[in-house]
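Numbering (UniProt numbering), first residue to last: 1 to 267.
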């Protein structure tokens, strides 16, 4: 093998290693949160990695996104309303307000929901907490074919219009599809709404018509471009999901007491 061939092979191996490291950073290096990073450099490298087959080898079976989505029951005794691309849950008199930035296919978001949903629900019921749910179509590339994040974010807003957001939100996270799967189809997302008791035909039209794609896309752009939401993780700086903010402070949700501490501090 000539020197030129060896140099070419070495450069190729270095490029592949860099791509793999970038993909690992985008998927998150914090085991507790599995946060997702977005940034111009990462997006470019991630796209190249997909083309090169780095992510394809990690694709999961679509079987986890087949069939109907089990409907979850949530008792809601607090106001819930959509405000553009954000769903606001809780009483205006609540002393603590948090913004939750999430994506329905994000593994870290699924873990956050599993670890915190019960306490969040308890505080919402008690009137001590207001939650602003920011559902972002951030990880569209992580489904195959791409697009589930957008479908799910849109469907969540459609469910909010039909007064079923808490139930819909809980159901999608309880049966979160794996990255690399196709995610849920419009048919499945519509059927979930029906199983939760939504009878208004506007819901189905909203889901199938991708009514809120423009505002969720704009909200994603505004959020990822907000310097106050930028964080460091795994040597990368960018915006991650899940991110939880109270006031101007990003919360460390790896601390099991983060929410209780916020409530205590406010009282």
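Quick reminder that beta carbons are idealized off the backbone N, C-alpha and C, glycines included. Everything numeric in this text was worked out from a predicted model, so none of it was measured.
As assigned by DSSP and simplified to three states, the class of residue i
i           : result
residue 240 : strand
residue 189 : helix
residue 249 : strand
residue 226 : coil
residue 207 : helix
residue 212 : coil
residue 184 : coil
residue 134 : strand
residue 221 : helix
Alpha-carbon to alpha-carbon, residue j and residue i
i           : j           : result
residue 71  : residue 243 : 26 angstroms
residue 108 : residue 188 : 23 angstroms
residue 156 : residue 122 : 21 angstroms
residue 233 : residue 209 : 37 angstroms
residue 144 : residue 93  : 43 angstroms
residue 219 : residue 205 : 22 angstroms
residue 118 : residue 89  : 14 angstroms
residue 231 : residue 224 : 11 angstroms
residue 152 : residue 184 : 8 angstroms
residue 125 : residue 95  : 13 angstroms
residue 216 : residue 76  : 25 angstroms
residue 164 : residue 91  : 17 angstroms
residue 79  : residue 174 : 22 angstroms
residue 82  : residue 159 : 9 angstroms
residue 43  : residue 142 : Because the pLDDT at residue 43 is just 39, under 50, the model does not fix this residue reliably, and the value given afterwards should be weighed accordingly. Between residue 43 and residue 142, the C-alpha separation is close to 12 angstroms.
Span of the alpha helix (DSSP H) around residue i
i           : result
residue 88  : From DSSP, residue 88 is part of no alpha helix (DSSP H) but of the beta strand (DSSP E) over 86 to 89.
residue 233 : Run containing residue 233: none in the alpha helix (DSSP H); it sits in the beta strand (DSSP E), 231 to 233.
residue 157 : 148 to 161
residue 121 : 107 to 126
Residues of its chain near residue i, where Cβ-Cβ distance is below 8 angstroms and the 5 sequence neighbours each way are ignored
i           : result
residue 171 : 69, 70, 71, 72, 192 and 196
residue 241 : 35, 36, 101, 102, 103, 106, 108, 109, 136, 138 and 139
residue 116 : 253 and 259
residue 229 : 101, 223, 239, 243, 245 and 250
residue 267 : 95 and 128
residue 268 : It is not possible to answer for residue 268, since the shown part of the chain is limited to 1 through 267.
9 angstroms Cβ cutoff met for residue i and residue j
i           : j           : result
residue 253 : residue 112 : yes
residue 148 : residue 86  : no
Own chain residues within Cβ distance below 6 angstroms of residue i, not counting five before or after
i           : result
residue 98  : 131, 244 and 246
residue 52  : In this prediction, residue 52 scores a pLDDT of 43, lower than 50, which makes its location untrustworthy; the coordinate-derived value is nonetheless stated afterwards. Closer than 6 angstroms at Cβ, skipping near neighbours: no residue.
residue 146 : 140
residue 74  : 166, 167 and 170
Cβ neighbours of residue i in the same chain (closer than 7 angstroms, five flanking residues each side left out)
i           : result
residue 213 : 150 and 154
residue 200 : 162
Endpoints, beta strand (DSSP E) assigned at residue i
i          : result
residue 80 : 80 to 83
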